[in-house]
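Q: In my numbering, the protein residues as written are 79 to 257.
The beta-carbon is built from N, C-alpha and C at its ideal position, and this holds for glycine as well.
Just so it is clear, the structure is predicted and the values come from calculations on it, not from any experiment.
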């Protein structure tokens with residue numbers, strides 16, 4: 079660009095991605111906020127994040143910013159919740175979310191072998207850190223911390239369904255029921 083040019087270079091920091099919240103979700107969030115004192119809207123943060131994730135399936139950076147604005151907070155106040163609590167997703171997940179417990183009781187009970195079994199069955203890398211989603215977007219496999227059933231290890235969940243004492247045969251049955 080030469081000195082006399084009036085062409086403007088876009089500032090990426092000023093660009094705000096479009097994030098559209100449907101009217102029904104906006105109404106739901108508004109209703110949630112009314113259950114908290116007006117001067118303590120921050121208290122609604124977790125419930126608002128749950129509503130957003132339930133609708134979109136995950137919480138994008140734009141959703142974090144929208145939530146912060148809705149509650150009169152800084153985005154960091156919402157981002158710290160999204161990154162702290164493992165139930166919040168920062169990227170799209172598969173239709174079936176397979177969560178394998180990796181804490182001590184489950185590890186001793188075979189959860190690492192169970193995780194590897196799922197990864198191998200679904201064409202994922204058992205050594206990769208963090209959640210992995212199959213190319214078709216159908217399954218996400220991940221390790222999670224304690225699922226609170228140490229006496230029945232190894233335990234796992236698929237979406238909201240809980241499974242105890244999961245063998246490889248039981249894992250195959252669970253996968254078969256998802257397809």
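Bridge partners of residue 224, per DSSP?
A: DSSP output for residue 224 lists no bridge partner at all.
Q: List the residues that DSSP assigns as beta-bridge partners of residue 142.
A: For residue 142, which the question treats as bridged, DSSP gives no partner whatsoever.
Q: Is it the case that the Cβ atoms of residue 119 and residue 159 are separated by a distance below 8 Å?
A: Against a cut-off of 8 Å, the Cβ pair of residue 159 and residue 119 comes out as no contact.
Q: Among the candidates 117, 99, 155, whose CA atom is the shortest distance from the CA of residue 124?
A: Residue 155 is the option with its Cα nearest to residue 124.
Q: Could you give the residue range of the alpha helix (DSSP H) that holds residue 178?
A: Element bounds for residue 178: not the alpha helix (DSSP H) but the beta strand (DSSP E), 174 to 179.
Q: Assuming residue 236 is part of the beta strand (DSSP E), what are its boundary residues?
A: From DSSP, the beta strand (DSSP E) with residue 236 extends over 234 to 236.
Q: Short check: CB of residue 224 to CB of residue 179, under 8 Å?
A: Cβ atoms of residue 224 and residue 179: closer than 8 Å.
Q: Going by the CB atoms, is the gap between residue 239 and residue 227 shorter than 8 Å?
A: No, they are not a contact pair.
Q: Can you list, in chain order, the residues of its chain whose CB lies under 7 Å from that of residue 251, leaving out five sequence neighbours each side?
A: Around residue 251: no qualifying Cβ.
Q: Going by DSSP, which residues form a beta bridge with residue 210?
A: 219.
Q: Would you decide whether residue 98 is buried or exposed? Buried here means 16 or more other CB atoms lie within 10 Å of its CB.
A: Classification for residue 98: exposed.
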